[in-house]
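Trainee:
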């Protein structure tokens, strides 16, 4: 056996979004039914470098397949300006659960973007209105692309409004999607009034107010990934049907972390986990619902599910670079 090395292009090429969405849905279900193991995300803080490392291991059993792996990821905000490197870089080690053999080492950065979009798509499928045709995006960074790519797989999105202070990033986004959607630049209010809204910013002071949202808007709050980050006004979180991906992670570093730890928001304000909705233990959108919110922090089970999809297709397509990592040949 050899270990498969998969770079960013290989991960992108072997990620079929519809299949990835199903795999992420399976991962949420496995977590809800106790068929997954996911130790808490661990952090190594490096204030001397204005950065940190995070380790994310997981195992899940999705009935007809199981998978295990660990993602090693960083956040170093000074990288682009000082070292011409991305702020976030990740490496995924994907292993055979039966033997522990390292089946693949793959780029975790592209993997993270893809699975984050797929997670939002799963939540949107259960929480957005069925006939959602408009989508707003606040933040025109790399995550915005996979948000639209994934969500348009499960809703008939036609109109897209993108809002960002960086006009060049907005122009790049419009150029990229102009042939597929009616896409235009707009204000935060214009983006937030769409049927579906994804927020993908790093802000620490809310930029979306309750008045900005449409009566039945579904919001994917994707930007908060550390303590202190907060994109949505507290009133939105308190009034909406609020769904989270994991209680420990969202209260520590998700969209709800600030109001939760200040005592503004409590467990009584949380409808439940997305996995419980997937398996049918909790309701998704009902006729009585107005605004719905999904607080996504990104789970290790999502990375493992995504790595499973990538690896299976890489094998089929004979992609990547096989090498004898362990010297067992």
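In this note's numbering, the protein residues as written are 215 to 543. We put the CB at the ideal spot given by N, CA and C, even for glycine.
#1: Considering only the beta carbon of each residue, do residue 527 and residue 228 sit closer than 8 Å?
#2: Under 8 Å Cβ to Cβ from residue 237, same chain only, skipping five residues before and after it: list those, please.
#3: Taking residue 539 as the reference, give the member of 318, 455, 500 and 273 with the closest Cα.
#4: Could you pull out every residue in the same chain whose Cβ sits closer than 8 Å to the Cβ of residue 384, ignoring the five residues on either side in sequence?
#5: Figure out for me which residue from 314, 315 and 322 has the closest Cα to the Cα of residue 302.
#6: Thinking C-beta only, is residue 462 closer than 8 Å to residue 447?
#7: Would you list the one or two residues that DSSP bridges to residue 270?
#8: Could you check what DSSP says for residue 290 in three-state terms: helix, strand or coil?
#9: Given this structure, state the Cα-to-Cα distance separating residue 217 from residue 273, to the nearest angstrom.
#10: Roughly how many angstroms separate the alpha carbons of residue 530 and residue 458, rounded to a whole number?
#11: Relative to the C-alpha of residue 451, which residue among 419, 473 and 251 is closest?
#12: Is there contact here, the region 417-436 with the region 496-512, by at least three beta-carbon pairs under 8 Å?
#13: Taking the alpha carbon of residue 421 as the point to measure from, which residue in 284, 403, 428 and 410 has its own alpha carbon closest?
Mentor: Inspection of the coordinates gives the following:
#1: Contact: yes.
#2: The beta carbon of residue 237 sits closer than 8 Å to the beta carbons of 276, 332, 519, 520, 522 and 523 from its chain, once the five residues preceding and following it are set aside; these are given in chain order.
#3: For residue 539, the nearest C-alpha among the options comes from 318.
#4: Excluding positions up to five away in sequence, the list reads 354, 376, 377, 378 and 399.
#5: Each of 314, 315 and 322 was checked against the Cα of residue 302, and the nearest Cα belongs to 322.
#6: For residue 447 and residue 462, no; Cβs fall outside 8 Å.
#7: Residue 270 pairs with 285.
#8: Residue 290: coil per DSSP, three-state reduction.
#9: One C-alpha to the other measures close to 19 Å.
#10: Residue 458 has its alpha-carbon roughly 35 Å from the corresponding atom of residue 530.
#11: Per the Cα distances, 473.
#12: Contact holds: three or more Cβ-Cβ distances are below 8 Å.
#13: When only C-alpha atoms are compared, the closest one is 403.
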